[in-house]
Structure formats: structure tokens, C-alpha cells
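Below: the structure, in C-alpha cells.
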DNA sequence: TTTATTTCGGATAATTTTATCCTATTTATA
DNA sequence: TATAAATAGGATAAAATTATCCGAAATAAA
């Protein structure tokens with residue numbers, strides 16, 4: 001569904017959100033431990049998210065990654081996925097046809113629209129604050 | 145969503161179904177042309193489908209791939225996907241957690257269930273005959 | 001200003017997925 | 001029985017994804 005990079009990116013963003021709500025910056029080492037991911041690879045993905053303006057980085061001593069407190073609830077999962085995996089999940093044909101639309105549909109086009117709609121709803125209607133709160137309360141988990 | 149191999153496998157199966165309905169065997173060359181896929185790679189995938197007993201192969205002169213006419217409507221998309229991609233699409237966690245269930249859910253577990261449900265419905269409720277008929281009638285396409 | 005700490009970014013490596021090639025085996029038919 | 005036409009399957013290659021390493025640049029604090 002999502003690439004490994006995107007899975008790490010989503011989980012890392014949630015962990016950063018959890019900590020940013022409490023005014024704490026985090027670094028790739030902590031992040032990788034908390035989301036059970038390869039550290040250096042995760043750091044690369046964080047760079048992508050910084051470039052996409054979804055998270056902030058602070059270089060130097062006492063630096064790390066953070067998200068502006070009042071931005072946390074504004075960042076949707078869709079933005080993270082798009083920054084890492086692009087929009088193939090939105091526009092790609094389920095069977096890989098180059099062009100697949102109403103006038104030239106692949107064999108599963110119609111049925112696939114429903115799947116994509118659910119996925120789109122998920123990504124568009126979920127923000128980092130909701131996810132961070134659930135992690136904080138122990139209602140959901142970032143690893144294992 | 146699906147691997148490339150799985151996309152090829154689905155499209156190949158549909159093309160074989162279209163031809164088997166008319167009593168015609170097809171070979172990897174024709175198949176690859178009709179579904180716009182790499183021939184040798186497609187041939188490998190066909191072997192997987194043969195081993196999974198979803199399609200039949202006939203070796204030797206005038207051989208090729210076919211599906212028993214009265215089996216075509218019984219083969220569900222889910223069987224093809226499972227034979228090639230396994231059941232990660234059914235059981236895998238959206239964020240790659242090793243264990244992800246009601247008691248230990250990933251952050252998107254609940255919402256993801258809906259996506260998976262739609263996908264499952266698609267795969268369980270679509271058989272090769274329906275898809276073959278739509279190709280035959282020009283209502284859907286296997287390439288471009 | 002120096003030092004320690006941290007992100008940035010390029011180079012490289014490992015792994016997985018996708019793709020190709022070649023030979024062996026099977027089989028229908030002439 | 002010989003031949004031609006097919007699939008089967010192993011070996012290998014190419015490409016994409018995932019992962020690691022290291023030095024450069026930035027920055028806070030001593």
C-alpha cells in the first residue's frame with residue numbers, strides 16, 4: 001500500500017507530534033527507536049518532510065525535529081504520503097494501466113474507485129493531532 | 145497496492161479467460177503483447193498460476209495456457225492475488241507493525257479496516273468471467 | 001572563539017523486485 | 001521416429017527500494 005519509507009515517515013511524524021505538543025525536540029536516534037526503524041534511512045525521510053515544510057529541523061546542539069504546536073492539527077496524513085510516495089495512490093491505476101479513466105477503464109476501475117475513496121477519506125480526514133493523542137493515551141501504538 | 149507481478153498475473157488471467165471461453169489456447173508472447181508486459185517475466189508468473197492450479201498449461205506443439213470453461217466463473221480475483229502476492233493485502237498492517245490488531249492497533253488501524261474491507265469485497269466478489277465479458281464487449285481494457 | 005552536538009547531503013552498499021536468457025523437457029504431428 | 005513447437009526452470013542481469021557511512025555545515029553553549 002505505502003512504501004516502507006512512507007510508513008516510517010508517517011510514524012516518525014506522529015512521534016514528533018507527540019513530543020512537539022510537549023515542547024520537546026527529538027532526534028533521529030530517538031525516533032528510530034520509538035518507531036522501530038533504521039536510523040539513517042529514517043533521517044533521510046525526515047529531510048524529505050522538512051523540505052516539504054511538514055516538519056521543522058533545528059541544526060546544532062540541542063537541535064532536532066519538531067512541528068509548530070499550532071500546525072499539528074493542520075497536518076493531514078495525505079500531505080505526508082504525498083511528500084514521500086507522490087500521488088500514485090490517488091491517481092495510479094490498480095492494474096498499472098498508463099491511462100485508466102471512465103472512457104478507458106481497466107477491468108477493475110469501477111470497483112477500485114471505492115477502495116480509493118476509502119483510502120482518500122482516511123488520508124484527508126486524519127491529522128497528526130488526532131494520531132498523537134491516541135498514542136499519548138495508549139489507544140494506539142507506533143511499534144511491535 | 146499490488147506488485148507489478150500481480151498486476152501482470154491478473155491481466156494475463158483475464159486474457160486467458162477471454163480466449164478460453166472461445167476454446168483458444170494462448171502463449172506468453174500473445175499474452176505479453178495483449179497486456180503490454182515483459183514476456184519472459186510474464187511467463188514466470190504464469191508458472192506460479194499453474195502451480196496454484198488457477199490456470200492450466202499444455203506443453204508441446206499447439207500447447208499454451210487455458211482455463212477450463214466451467215472454471216472461469218469460479219476463479220476469484222482474490223485467488224490470483226493470493227497466489228502471487230500472498231495475503232499481506234489481507235493481513236498486513238497499514239504502517240508495517242509486526243502485530244496490529246484490536247488490542248494492539250497501529251494509529252490507523254480502525255480507519256484502515258474500511259479500506260481493506262472494500263478491497264476484500266472487490267477481490268472476493270469479482271470473478272474471471274465477469275472481467276472477461278467486459279473485455280470482450282469493449283467495456284474495459286487490458287492495456288494503454 | 002572553541003567545542004560539542006546536530007542536521008544535511010553525497011557516496012555507497014545491500015536487498016528486493018523486476019526482467020532477460022538459455023537449455024531441458026514435453027508433446028503433437030508429419 | 002524425427003521434428004518442430006511449446007512450457008519449465010535455473011542462472012543471471014538490471015532496476016528500484018531500502019539501508020549505511022562519512023564528512024560538511026550549522027548552531028548553542030562553555
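Chains as they are written, first to last, in our numbering: chain B, 1 to 144; chain D, 145 to 288. Each residue gets a CB set at the ideal place from its N, CA and C atoms; glycine is no exception. Small disclaimer: the values here were computed from a predicted structure and weren't measured.
For the pair residue 150 of chain D and residue 226 of chain D, the Cα-to-Cα distance works out to about 9 Å. Per DSSP, the continuous alpha helix (DSSP H) segment holding residue 153 of chain D begins and ends at 148-164.
Close to residue 249 of chain D, with beta-carbon spacing below 8 Å, are these residues of chain B in chain order: 139, 140, 141. Within a 10 Å sphere around the beta-carbon of residue 223 of chain D sit 16 or more other beta-carbons, which makes this residue buried.
Bounds of the alpha helix (DSSP H) holding residue 129 of chain B are 128-137. The Cβ-Cβ distance between residue 122 of chain B and residue 256 of chain D falls below 8 Å. Apart from sequence neighbours up to five positions away, the residues of its chain that approach residue 50 of chain B with a beta-carbon distance below 8 Å are 56, 57, 65, ordered along the chain. Judged by DSSP secondary structure, residue 124 of chain B falls within the alpha helix (DSSP H) whose first and last residues are 109-124. Listed along the chain, the chain D residues whose CB falls inside 8 Å of the CB of residue 144 of chain B are 241, 242, 243, 248. Around the beta carbon of residue 98 of chain B, a 10 Å sphere encloses fewer than 16 other beta carbons of the protein chains shown; the residue is thus reported as exposed.
Taking the C-beta atoms as reference points, residue 216 of chain D is found no nearer than 8 Å to residue 153 of chain D. Taking 8 Å as the cut-off, the Cβ atoms of residue 20 of chain B and residue 67 of chain B count as close.
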